[in-house]
Amino acid sequence: MRRRLQQFEEVSSGLRPRASLLEGIASSEVTAPASAPFVHDARDAREIFERVLPALHQLPPGEMGVSRPHTGLRIAIISDSFLFEAFEGLAELVPVTPRTWEEPLAQERLPDILLVAATWRGLNGRSWRGLSNPESNRRRLVVEEIMPAYRDRGVPVVYYGKEDPPNYESFVGLAQAADHIFTTAAEMIPQYRRDCPRAESIEVLPFAVNPLVHSPIGSRPAVSELIHFAGSWLPEKYPQRSRYGTWRSAGPRSRTALW
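In terms of my numbering, the sequence shown has 150 at position 150, counting the first letter as 1, and numbering is strictly consecutive.
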């Protein structure tokens with residue numbers, strides 16, 4: 001088990017083609033107003049995506065690179081699409097849903113790991129809606145049925161606290177039911193040790209970088225004045241991002257940023 005976790009951690013910390021990925025975002029129902037001070041003259045988020053697409057289409061396909069080999073692992077995973085796409089190419093990912101969670105256990109090759117990430121809605125935007133609520137049916141399903149079933153078949157259960165630290169309390173119940181815990185926030189390690197005494201290991205796992213999506217190849221000629229940030233923009237929850245994101249430029253050209 002330790003070897004599997006090390007293999008997963010080493011490769012995931014440095015892991016769809018970029019144009020198709022952002023085009024999919026632009027074609028979705030993204031109509032929320034763009035947040036100042038990051039965009040001063042766009043009507044909404046869709047207009048921002050439309051601005052950056054021409055530059056993105058100039059980029060060549062990403063490359064996995066020799067430093068990011070496939071692990072050979074088969075990972076049953078509960079996650080949102082953001083994390084799922086970050087791990088693509090790392091392992092064979094088997095999505096787990098409330099209706100299909102038993103299927104991987106009935107197949108000839110069992111998953112090497114069950115990875116349960118802090119998730120708000122799930123891959124399709126609704127399958128795991130409510131998982132953050134300790135009293136929800138989906139939370140009870142994961143903690144009382146899914147995690148024990150995989151553990152009983154010898155599959156290690158891993159929790160990934162990718163919403164730490166601001167949403168620690170919403171998901172800590174999942175961590176308490178896991179065998180191994182990863183968090184994106186090193187400062188939360190003491191709190192996990194206090195609240196999850198039965199965990200066999202508690203370690204830091206930064207967000208992954210997938211070279212198929214996050215690649216600098218060909219980016220210099222594809223000029224855009226947009227600055228990109230992939231994450232949540234909630235000023236009351238992430239005040240540090242508000243400070244860091246405020247645009248200060250002494251140059252004559254005005255610029256915009258996408259958050």
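Each residue gets a CB set at the ideal place from its N, CA and C atoms; glycine is no exception.
Can you tell me whether DSSP reads residue i as helix, strand or coil?
| i | result |
| --- | --- |
| residue 32 | Because residue 32 sits at a pLDDT of 48, beneath the cut-off of 50, its placement in the model cannot be relied upon, and the point is left open. |
| residue 175 | helix |
| residue 108 | coil |
| residue 157 | strand |
| residue 93 | strand |
| residue 203 | strand |
| residue 209 | coil |
| residue 37 | Low confidence applies to residue 37: its pLDDT is 43, below 50, so where it sits in the model is not reliable, and the reading given next is rough at best. Note: residue 37 maps to coil in three-state DSSP. |
Would you mind giving the Cβ-Cβ distance between residue i and residue j, rounded to the nearest angstrom? I have them listed as a contact below 8 Å.
| i | j | result |
| --- | --- | --- |
| residue 128 | residue 78 | 6 Å |
| residue 98 | residue 104 | Their Cβ separation, rounded to whole angstroms, is 14 Å, which puts residue 98 and residue 104 out of contact at 8 Å. |
| residue 261 | residue 113 | Residue 261 cannot be examined here, being either before or after the span of the chain that is shown, 1 to 259. |
Under the criterion of a Cβ to heavy atom distance below 8 Å, does residue i qualify as lining the ligand GTP?
| i | result |
| --- | --- |
| residue 154 | With respect to small molecules bound, the structure shown includes none, and the ligand GTP cannot be examined in it. |
Just the Cα atoms here: how many angstroms apart are residue i and residue j?
| i | j | result |
| --- | --- | --- |
| residue 123 | residue 203 | 25 Å |
| residue 73 | residue 96 | 16 Å |
| residue 148 | residue 163 | 23 Å |
| residue 194 | residue 185 | 15 Å |
| residue 57 | residue 242 | 30 Å |
| residue 115 | residue 240 | 29 Å |
| residue 271 | residue 209 | For residue 271 there is no data in the structure shown, the boundaries of the chain being 1 and 259. |
| residue 258 | residue 198 | For residue 258, the predicted structure reports a pLDDT of 42, less than 50, and the residue's modelled location is therefore unreliable. A value from the coordinates is still provided. Near 42 Å, if we compare the C-alpha coordinates of residue 198 and residue 258. |
| residue 135 | residue 170 | 11 Å |
| residue 146 | residue 69 | 30 Å |
| residue 137 | residue 130 | 8 Å |
| residue 152 | residue 144 | 12 Å |
| residue 244 | residue 85 | 26 Å |
| residue 200 | residue 212 | 33 Å |
| residue 55 | residue 118 | 33 Å |
| residue 205 | residue 235 | 25 Å |
| residue 47 | residue 108 | 48 Å |
| residue 207 | residue 187 | 15 Å |
| residue 100 | residue 80 | 16 Å |
With distance defined between alpha-carbon atoms, name the residue in the options nearest to residue i.
| i | options | result |
| --- | --- | --- |
| residue 166 | 101, 60, 47, 132 | 132 |
| residue 83 | 102, 100, 125 | 125 |
| residue 140 | 117, 151, 173 | 173 |
| residue 76 | 55, 102, 60, 86 | 102 |
| residue 71 | 187, 110, 87, 169 | 87 |
| residue 215 | 46, 55, 47, 59 | 59 |
| residue 191 | 108, 212, 168 | 168 |
| residue 196 | 108, 80, 106, 182 | 182 |
Is residue i close to chain D, meaning its C-beta is less than 9 Å from at least one C-beta of that chain?
| i | result |
| --- | --- |
| residue 209 | Structure shown: chain D not included; a single protein chain is present. |
Check whether the segment 85 to 105 and the segment 45 to 55 touch, using three or more Cβ-Cβ pairs below 8 Å as the test.
The segment 45 to 55 and the segment 85 to 105 do not touch, with fewer than three beta-carbon pairs separated by less than 8 Å.
Decide yes or no for the touch test of the segment 173 to 182 against the segment 150 to 159: beta carbon pairs closer than 8 Å, at least 3 of them.
Yes, since at least three Cβ pairs between the segment 173 to 182 and the segment 150 to 159 fall closer than 8 Å, the two stretches touch.
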